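The block underneath contains the structure these notes are about, expressed in structure tokens.
Residue numbers (the working numbering): 72 to 475.
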């Protein structure tokens, strides 16, 4: 099958566990002809090559220029016609043109949005989207609705963006949700969907098991890996530090992430609480060093307020690093309390601190969580999940053939 993947920056040689690159390479290994159009960025080491072949995937990168990019349209229309198009990410600026082209050319297409509550039209607060009900009525599905709303408030640009952003999911032959929680949102909107979770490169992580990060830290080491955004809850873990340090005065809280603004806030929280000497920040690490950090840490903590899916818990499980995470939808489909991890109420630093202390004290609990984490990875087997994507491609292709 000839498969065209349309995504943002996810198919590179740098990032191993991004969903698009794992899917694309697996499809190529299974004999499909796989092409991908992704973003070009001259300033990014991962995205500054215009065209390359990555493990059998032909990748062409184009600089996005809003929702209508002439260069992308030209590349799309001159490329060999695919059997199916797979669009990744809701905010992908190539998505509208790709969906429009697919409909014009009678090509079936599917969309993997990955986290609908990242959508600022659907969520009142993207950092805390679970605090309020989704704003289903906000989404624009038709050009007529653009005109109606613009006539009321004059915000033409906003309404056009709303339409461009949601056109692909509205007209998709199938939306692929990566969690049952997400599928419920699409069902509420009347959009047909199938649930296929994401996965990680388990063999790569397993091959490095036992390799430690070269820099040593005072133990125990509590690890956070993720963007420094409120949605990820970096501030929740920072505010839990004093309570943990009362019981474990030598602990190191190692934050791996990047954001100049929020890094400063993280440092200010630690300074105010008197925990600065226990705070370590690494802005960027290689994929190999990230695995070494999981191998070196006593636990991985994800105090998130919302996840589209959340790959780090699976990465940690593959590395044999026990997991503590927020008890929220999507995350609780991966992390099962007392089985392969510990769940804590979101936005509660004290409860998080108590759970961290409990895991540090209980060696048998730690061993059980690690072992069950390895078992959990069987539910996220690449061969099985790629086959489920293939099944969706076949279904939408056959459906279109019958309707034609």
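By construction, the Cβ of each residue, glycine as well, lies at the ideal position given by its N, Cα and C atoms. Note that the structure is a prediction, hence the values are computed from the model and not measured.
Straight-line Cα distance separating residue j from residue i
i: residue 168; j: residue 139; result: 7 Å
i: residue 467; j: residue 336; result: 47 Å
i: residue 479; j: residue 343; result: Nothing about residue 479 can be read from this structure; the chain reaches only from 72 to 475.
i: residue 255; j: residue 248; result: 9 Å
i: residue 407; j: residue 233; result: 36 Å
i: residue 298; j: residue 100; result: 31 Å
i: residue 368; j: residue 426; result: 16 Å
i: residue 180; j: residue 327; result: 36 Å
i: residue 149; j: residue 360; result: 40 Å
i: residue 210; j: residue 111; result: 29 Å
i: residue 75; j: residue 310; result: 45 Å
i: residue 318; j: residue 197; result: 35 Å
i: residue 269; j: residue 171; result: 26 Å
i: residue 118; j: residue 85; result: 9 Å
i: residue 305; j: residue 212; result: 36 Å
i: residue 155; j: residue 308; result: 43 Å
i: residue 109; j: residue 316; result: 45 Å
i: residue 104; j: residue 145; result: 21 Å
i: residue 90; j: residue 133; result: 20 Å
i: residue 147; j: residue 131; result: 10 Å
i: residue 325; j: residue 287; result: 11 Å
i: residue 462; j: residue 276; result: 28 Å
i: residue 214; j: residue 402; result: 36 Å
i: residue 296; j: residue 393; result: 14 Å
i: residue 174; j: residue 73; result: 17 Å
i: residue 127; j: residue 457; result: 16 Å
i: residue 395; j: residue 107; result: 35 Å
i: residue 312; j: residue 424; result: 7 Å
Beta-ladder partner(s) of residue i, from DSSP
i: residue 157; result: 76, 181
i: residue 408; result: 412
i: residue 396; result: 373, 414
i: residue 292; result: 323
N- and C-terminal bounds of the beta strand (DSSP E) containing residue i
i: residue 110; result: 104-110
i: residue 195; result: Note, residue 195: premise wrong, no beta strand (DSSP E); not H, not E.
i: residue 133; result: 128-133
i: residue 351; result: 350-353
i: residue 271; result: No beta strand (DSSP E) contains residue 271, which DSSP labels as neither H nor E.
i: residue 323; result: 323-327
i: residue 248; result: 245-248
Residue environment, residue i, which counts as buried when at least 16 other CB atoms sit within 10 Å
i: residue 273; result: buried
i: residue 281; result: exposed
i: residue 164; result: buried
i: residue 464; result: buried
i: residue 96; result: buried
i: residue 208; result: exposed
i: residue 80; result: buried
i: residue 442; result: exposed
i: residue 190; result: buried
i: residue 238; result: buried
i: residue 264; result: buried
i: residue 410; result: exposed
i: residue 416; result: exposed
i: residue 178; result: buried
i: residue 476; result: Since the first residue shown for the chain is 72 and the last is 475, residue 476 is missing from the structure and cannot be characterised.
i: residue 440; result: buried
Where the alpha helix (DSSP H) through residue i begins and ends
i: residue 338; result: 331-344
i: residue 122; result: Here residue 122 belongs to no alpha helix (DSSP H); instead the beta strand (DSSP E) covers 122-125.
i: residue 367; result: 358-367
i: residue 148; result: 141-149
i: residue 69; result: What the structure shows of the chain is the stretch from 72 to 475, and residue 69 is not part of that stretch, so it cannot be assessed.
i: residue 236; result: 227-242
i: residue 168; result: 166-176
i: residue 258; result: 251-259
i: residue 386; result: 383-390
i: residue 445; result: 434-447
i: residue 217; result: 214-224
Residue i CB to nearest heavy atom of the ligand PLP below 6 Å
i: residue 165; result: Annotation note on the ligand PLP: not contained in the displayed structure, which lists no ligands.
**Asked** Hey, is the region 379-389 in contact with the region 183-191, meaning 3+ C-beta pairs nearer than 8 Å?
**Response** yes
**Asked** With a cut-off of 8 Å, do at least 3 Cβ pairs link the region 388-403 to the region 346-356?
**Response** no
**Asked** Any contact of the region 421-435 with the region 238-247, i.e. 3+ C-beta pairs under 8 Å?
**Response** no
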